[in-house]
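Before any comments, here is the structure.
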Amino acid sequence: MYYFMLILGALFVPFAVVFFIYMYVNKELTLLNAGKTIAAFLIGVLLLVCTLPSLKYMLLKEYDVVKGGCIIEITSSGRSTEATFDMLDTDELFSFTHIPELDAYGKSIPYYCEMTVTKDHMFEIGYKIYDVNSRELILTSE
2 MYYFMLILGA LFVPFAVVFF IYMYVNKELT LLNAGKTIAA FLIGVLLLVC
52 TLPSLKYMLL KEYDVVKGGC IIEITSSGRS TEATFDMLDT DELFSFTHIP
102 ELDAYGKSIP YYCEMTVTKD HMFEIGYKIY DVNSRELILT SE
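First residue of the sequence shown: 2, per the working numbering; consecutive thereafter.
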C-alpha cells in the first residue's frame with residue numbers, strides 16, 4: 002500500500018503540471034479542466050507529503066517493533082474488511098487489510114502482539130500474535 006501511494010503521488014504531480022501547461026499553451030484552459038488538474042495536483046502533493054517522510058525508513062528497512070497487549074477488531078464495509086490492532090500499552094492503532102485467522106476477536110479477548118512498523122509509526126509492515134498467558138506464537142503475518 003505504501004509504494005502504491007508513493008507512485009501514485011509521484012505520477013499525479015508531474016502529469017498535472019504538464020497537462021496544465023499543455024492546456025495553457027493550446028488555449029484549452031477551461032474552468033472545469035483547470036479544476037480537475039489542480040485537484041489531481043493537490044491529491045498528488047498530499048500523497049507525497051504522507052509517504053515521503055517514511056521513504057528513508059522503508060528503503061533502509063529501519064523498522065520499530067511495538068510490543069504489548071492488544072485487542073483485535075474486525076471491521077467490514079461493503080467488499081473491504083480490515084483488522085485493527087489496538088495496542089493497550091501505547092494507545093496506538095494499526096490497521097491491516099489481511100484478516101488474521103484466529104478463533105475469536107473483540108474487546109473481551111486480549112492477545113500479546115508484536116507490530117513491526119516504520120520508525121515514525123506511520124506505516125505497518127507486519128505483526129505477530131501470541132497467547133497472552135503463555136506467550137506462545139499463534140499467528141504471524143508473513
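Don't be surprised by glycine CBs; every beta carbon is placed ideally from N, CA and C.
Since we're looking at a predicted model, the values are computed, not measured.
Which whole-angstrom value is the C-beta distance of residue i and residue j, which I expect to be below 8 Å?
i: Met-59; j: Thr-117; result: Incorrect: roughly 12 Å between the Cβ atoms, too far for contact.
i: Ser-81; j: Met-123; result: That pair is no contact at about 21 Å.
Leaving out five residues before and five after residue i in sequence, what residues of the same chain have Cβ atoms less than 7 Å from its Cβ?
i: Ile-44; result: Phe-13
i: Pro-101; result: Ile-73, Ala-84, Ile-130, Leu-140
i: Glu-137; result: Tyr-131
i: Glu-93; result: Val-67, His-122
i: Leu-30; result: Met-24
When you compare the CB positions of residue i and residue j, do they come within less than 9 Å of one another, or not?
i: Leu-61; j: Gly-10; result: no
i: Gly-69; j: Thr-91; result: yes
I need the straight-line Cα distance from residue i to residue j, nearest angstrom please.
i: Tyr-64; j: Leu-7; result: 18 Å
i: Leu-33; j: Met-88; result: 45 Å
i: Ser-77; j: Val-66; result: 27 Å
i: Glu-53; j: Pro-15; result: One point to set straight first is that residue 53 is Leu, not Glu, in the sequence displayed. For Leu-53 and Pro-15, the distance between alpha carbons rounds to 16 Å.
i: Val-133; j: Ile-22; result: 59 Å
i: Gly-107; j: Cys-71; result: 10 Å
i: Val-18; j: Val-50; result: 17 Å
i: Val-46; j: Ser-109; result: 41 Å
i: Tyr-4; j: Val-26; result: 33 Å
i: Lys-57; j: Ala-35; result: 34 Å
i: Ile-75; j: Asp-104; result: 13 Å
i: Phe-42; j: Met-24; result: 15 Å
i: Ala-40; j: Met-2; result: 22 Å
For residue i, which residues in the same chain have their Cβ closer than 6 Å to its Cβ, ignoring the five residues on either side in sequence?
i: Phe-20; result: Thr-38
i: Phe-95; result: Phe-86, Met-116, Glu-125
i: Lys-28; result: none
Quick one, which of the options has its alpha-carbon nearest residue i's?
i: Tyr-113; options: Ser-135, Thr-98, Glu-93, Phe-97; result: Ser-135
Going by beta carbon distance, what residues of the same chain come within less than 8 Å of residue i, once the five residues before and after it are set aside?
i: Ser-142; result: Phe-97, His-99, Pro-101, Gly-127, Tyr-128, Lys-129
i: Pro-111; result: Gly-70, Cys-71, Ile-72, Leu-89, Val-133
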